[in-house]
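Structure, as structure tokens:
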DNA sequence: GAAAAACAACTACCATACTAGTTAGTTCAG
DNA sequence: CTGAACTAACTAGTATGGTAGTTGTTTTTC
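Protein chains in written order, with the numbering used here: chain S, 1 to 235; chain W, 1001 to 1235.
Rendered as structure tokens:
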């Protein structure tokens, strides 16, 4: 496991500070299940692993705690937060609220032709991940799609909040690979979203985004059954 | 100015750690304009002011930076973020998206009688702030109203995100005292929201919440004119 | 008098040490 | 053999020192 951590550490060498680099590595590790839900961490252990002092580790833990990914218990330890069904539902609720508002705003006000073109380009690239299935790449393109849509509609804060909230959802995504939802279905949903926005059809854009955002809930019960230790006991 | 900071510091004596206490004091000071937009801060200066070490100060700065309230420039200084019209619009956009979804959810699924009663009780207490005007108290009751609505509807994450996002809006609120919007008008809007939710009228609840959330935008242009130094130059 | 160079004083970031709280393991008494 | 007491080893929180970057001031040169 430390090999994966160190591999990510090397990947993130371009970060501006040790704290930023650590934060990115630990965040990615938690989302991708390299660090498992419930796993105990400590400032000293992580500092020794990456040969840095405890302070940037501690500062990363603070940010991860803010992001709801770890729980720091004073004098006891730091624990990777288990995935909570309630937290997943809540994160989906908040993300859906924001992304639906973004889609409606984009349909109402229109998007630049260049943004529309970029969205279609991302969809073409997603299609190339569907066969053979390349989930890691699809995941990145999916994220780029939603980011481009939010920023293209002028909603930078919306994307920033969505990015934070979706960490809980991303953990479930990584747990559910191969996707319960076939990639072609997700790609169709993306296409529908862009089409309805390009047409200026506000209601259809809303419906398309809602349907898309609720897809993740379909796989949740099966995942809880397959990985009971990963999930918080409370519903 | 340091007197106000130290007064807040004394008020927050019950916090669990120095960092939590500092974070709360600094956050409240920024929101209430005790620390002005654009003002330079430093780890050492704040540490000396409160007679603590730099590390908890530094850790509070990190959280404030995450919350978009300060900007940390390595080796140069830490600055209270100026209010940005764009940031205010964006924060309002995100908050409206979330709170409208909460209101609809509450209207669809219904709220406990106890929650409805608590909301009406808060409205009664708000009325007592309207004449004579007690803006500080109204502000707290307004916040309690929205928090009770979100938590009562079961949307804890929604409230957590809203609370973070609304910091930018709260700064504008404090700048605009006395309220551009008369308190009775805001109270009427709160009443309308609860009535439509209690009736289970989803569409009316949505409209009522949208109207309420857009109220803050009415005062923005006048505030920019009155306090040009508080606002970021970029639109 | 103006411009360039040198210097001092500030900053945030990182490293290390100390302290108090918590838990697990060991020892001792009954 | 069991339970209580003690101890060691861990933890996070806080304090302090060192370093590199940045900026403002002072000095020197032309």
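Beta carbons are placed, not taken as given, at the ideal position from N, Cα and C, and that holds for glycine.
Report task. Name, going along the chain, the residues of the region 152-163 of chain S whose beta-carbon falls closer than 7 angstroms to a beta-carbon of chain W. Result -> 155, 156, 157, 158, 161
Query - Same chain, Cβ closer than 6 angstroms to residue 1025 of chain W, neighbours up to 5 away in sequence not counted - result: What you label residue 1025 of chain W is simply residue 25 of the second chain in a count that begins at 1. So the list reads 1008, 1009, 1012, once near-sequence residues are dropped.
Query - residue 1145 of chain W vs residue 1218 of chain W beta-carbon contact at 8 angstroms - result: The count along the second chain starts at 1 and reaches residue 1145 of chain W at position 145. The count along the second chain starts at 1 and reaches residue 1218 of chain W at position 218. No. Outside cutoff.
Report task. Could you pull out every residue in the same chain whose Cβ sits closer than 6 angstroms to the Cβ of residue 1176 of chain W, ignoring the five residues on either side in sequence? Result -> Stepping through the second chain from its first residue, residue 1176 of chain W is reached at position 176. Answer for residue 1176 of chain W: 1219, 1223, listed in chain order.
Query raised in the report: Using a beta-carbon distance below 8 angstroms, is residue 1057 of chain W in contact with chain S?
Result: For the purposes of this step, residue 1057 of chain W is taken as residue 57 along the second chain, with counting starting at 1. With 8 angstroms as the cut-off, residue 1057 of chain W does not count as an interface residue toward chain S.
Report task. Keeping to the same chain, check which residues put their C-beta closer than 7 angstroms to that of residue 198 of chain S; ignore five residues upstream and five downstream. Result -> Here residue 198 of chain S is taken as the residue at index 198 of the first chain, counted from 1. So the qualifying residues of the chain are 116.
Query raised in the report: Can you list, in chain order, the stretches of the alpha helix (DSSP H) that have 4 or more residues and sit fully within the region 77-150 of chain S?
Result: 85-109, 113-127
Query - Contacts around residue 1079 of chain W, its chain only, beta-carbon distance under 6 angstroms, and the 5 residues preceding and following it disregarded - result: To locate residue 1079 of chain W, count along the second chain from 1; it is residue 79. Once the five neighbours on either side are set aside, the close Cβ partners of residue 1079 of chain W are 1040, 1071.
Query raised in the report: On the three-pair Cβ rule with 8 angstroms, is the region 1123-1133 of chain W touching the region 180-194 of chain S?
Result: no
Report task. Would you check if there are 3 or more beta carbon pairs closer than 8 angstroms linking the region 104-115 of chain S to the region 133-147 of chain S? Result -> no
Requested in this report: Could you list which residues in chain W have their beta carbon closer than 8 angstroms to that of residue 47 of chain S, in chain order?
Outcome: The sequence position of residue 47 of chain S within the first chain is 47, counting from 1. Those do not exist, as residue 47 of chain S stays about 15 angstroms from chain W at its closest Cβ, beyond 8 angstroms.
Report task. Below 8 angstroms CB to CB, which residues in the same chain sit around residue 1121 of chain W once its five sequence neighbours on both sides are set aside? Result -> Stepping through the second chain from its first residue, residue 1121 of chain W is reached at position 121. Counting only Cβ-Cβ distances below 8 angstroms, and skipping sequence neighbours, we find nothing.
Query raised in the report: Beta-carbon separation of residue 1090 of chain W and residue 156 of chain S under 8 angstroms?
Result: Counted from its first residue, the second chain places residue 1090 of chain W at position 90. Counted from its first residue, the first chain places residue 156 of chain S at position 156. Closer than 8 angstroms, so yes.
Requested in this report: Report the neighbours of residue 63 of chain S on chain W: residues whose CB is nearer than 9 angstroms to its CB, in chain order.
Outcome: Looking up residue 63 of chain S in the first chain gives position 63. Residues of chain W passing the Cβ test: 1062, 1063, 1066.
Query raised in the report: Checking contacts by CB at 8 angstroms: is residue 94 of chain S closer than that to chain W?
Result: Along the first chain, one-based indexing puts residue 94 of chain S at 94. Chain W, which has a Cβ nearer than 8 angstroms to the Cβ of residue 94 of chain S, makes this yes.
Report task. Say whether chain W places a C-beta atom closer than 8 angstroms to the C-beta of residue 165 of chain S. Result -> Here residue 165 of chain S refers to the residue found at position 165 of the first chain. Judged by the 8 angstroms Cβ criterion, residue 165 of chain S is in contact with chain W.
Requested in this report: Flag this pair as yes or no: are the beta carbons of residue 102 of chain S and residue 158 of chain S separated by less than 8 angstroms?
Outcome: Taking the first residue of the first chain as position 1, residue 102 of chain S is located at position 102. Taking the first residue of the first chain as position 1, residue 158 of chain S is located at position 158. Yes, the pair counts as a contact, with Cβ atoms nearer than the cut-off.
**Report entry** Sequence-distant residues of its chain with Cβ nearer than 6 angstroms to residue 1063 of chain W (five each side left out)
**Finding:** Locating residue 1063 of chain W in the second chain gives position 63, counting from the first residue. Excluding sequence neighbours, residue 1063 of chain W sits near 1023.
**Report entry** Extent of the continuous alpha helix (DSSP H) run through residue 1202 of chain W
**Finding:** Residue 1202 of chain W sits at position 202 when you count from the first residue of the second chain. Counting along the chain, the alpha helix (DSSP H) containing residue 1202 of chain W begins and ends at 1202-1213.
Query raised in the report: Roughly how many whole angstroms lie between the Cα atoms of residue 1059 of chain W and residue 196 of chain S?
Result: Within the second chain, the letter at position 59 stands for residue 1059 of chain W. Within the first chain, the letter at position 196 stands for residue 196 of chain S. Between residue 1059 of chain W and residue 196 of chain S, the C-alpha separation is close to 45 angstroms.
Requested in this report: Identify which residue in S:169, S:207, S:227, S:150 has its Cα closest to the Cα of residue 86 of chain S.
Outcome: By one-based count along the first chain, residue 86 of chain S stands at place 86. Closest option to residue 86 of chain S, Cα to Cα, is S:169.
Query raised in the report: Of the residues S:151, S:75, S:179, which one's Cα is nearest the Cα of residue 118 of chain S?
Result: Taking the first chain and counting its residues from 1, the one referred to as residue 118 of chain S is at position 118. Nearest C-alpha to residue 118 of chain S: S:151.
Query raised in the report: Based on Cα-Cα distance, which residue from S:178, S:153, S:184 lies nearest to residue 112 of chain S?
Result: Along the first chain, read from residue 1 onward, the residue named residue 112 of chain S stands at position 112. That would be S:153, whose Cα lies nearest to the Cα of residue 112 of chain S.
Query raised in the report: Considering residue 19 of chain S, what are the terminal residues of the alpha helix (DSSP H) in which it resides?
Result: Against the first chain, residue 19 of chain S aligns to sequence position 19. 18-31 is the extent of the alpha helix (DSSP H) around residue 19 of chain S.
Query raised in the report: Under a CB-based cut-off of 8 angstroms, is residue 103 of chain S close to chain W?
Result: On the first chain, position 103 is the one that residue 103 of chain S refers to. Output row for residue 103 of chain S: interface = no.
Query raised in the report: How about residue 90 of chain S: is its C-beta nearer than 8 angstroms to some C-beta of chain W?
Result: Numbered from 1 along the first chain, position 90 holds the residue referred to as residue 90 of chain S. Yes - at least one Cβ of chain W is within 8 angstroms of the one on residue 90 of chain S.
Query raised in the report: Would you report the Cα separation of residue 1216 of chain W and residue 1181 of chain W, rounded to the nearest angstrom?
Result: What you label residue 1216 of chain W is simply residue 216 of the second chain in a count that begins at 1. What you label residue 1181 of chain W is simply residue 181 of the second chain in a count that begins at 1. Looking at the two C-alpha atoms, the distance is approximately 8 angstroms.
Query raised in the report: Just curious, the beta strand (DSSP E) that residue 1015 of chain W is in, first and last residue?
Result: Here residue 1015 of chain W refers to the residue found at position 15 when the second chain is read from its first residue. Counting along the chain, residue 1015 of chain W falls outside any beta strand (DSSP E), and DSSP gives it neither H nor E.
Requested in this report: Assign residue 1213 of chain W to buried or exposed, taking buried as 16 or more other Cβ atoms, counted over all protein chains shown, within 10 Å of its Cβ.
Outcome: In the second chain, counting from the first residue as 1, residue 1213 of chain W sits at position 213. The residue in question, residue 1213 of chain W, is buried, as its Cβ has 16 or more Cβ neighbours within 10 Å.
Report task. Determine whether the Cβ of residue 119 of chain S lies closer than 8 angstroms to any Cβ atom of chain W. Result -> Counting from 1 along the first chain, the entry for residue 119 of chain S is found at position 119. Output row for residue 119 of chain S: interface = no.
Report task. Taking C-beta pairs closer than 8 angstroms, name the residues in chain W that residue 317 of chain S reaches, listed in chain order. Result -> What is shown of chain S runs 1 to 235, which leaves residue 317 of chain S out entirely.
Requested in this report: With a cut-off of 8 angstroms on the beta carbons, I'd call residue 123 of chain S and residue 162 of chain S a contact; round off their distance for me.
Outcome: The sequence position of residue 123 of chain S within the first chain is 123, counting from 1. The sequence position of residue 162 of chain S within the first chain is 162, counting from 1. With 8 angstroms as the limit, residue 123 of chain S and residue 162 of chain S do not qualify as a contact, their Cβ atoms being about 19 angstroms apart.
Report task. Please classify residue 6 of chain S: is it buried, with 16 or more other beta-carbons within 10 angstroms of its beta-carbon, or exposed? Result -> Taking the first residue of the first chain as position 1, residue 6 of chain S is located at position 6. The residue in question, residue 6 of chain S, is exposed, as its Cβ has fewer than 16 Cβ neighbours within 10 Å.
Query raised in the report: Any C-beta of chain W sitting closer than 8 angstroms to the C-beta of residue 97 of chain S?
Result: Counting from one through the first chain, the residue named residue 97 of chain S turns up at place 97. Closer than 8 angstroms: yes.
Query raised in the report: From residue 171 of chain S to residue 1160 of chain W, what does the alpha carbon distance come to, in whole angstroms?
Result: Against the first chain, residue 171 of chain S aligns to sequence position 171. Against the second chain, residue 1160 of chain W aligns to sequence position 160. Each residue's alpha carbon lies about 20 angstroms from the other.
Query raised in the report: residue 1161 of chain W by DSSP, collapsed to three states: which one?
Result: On the second chain, position 161 is the one that residue 1161 of chain W refers to. If DSSP states are grouped into helix, strand and coil, residue 1161 of chain W belongs with the helices.
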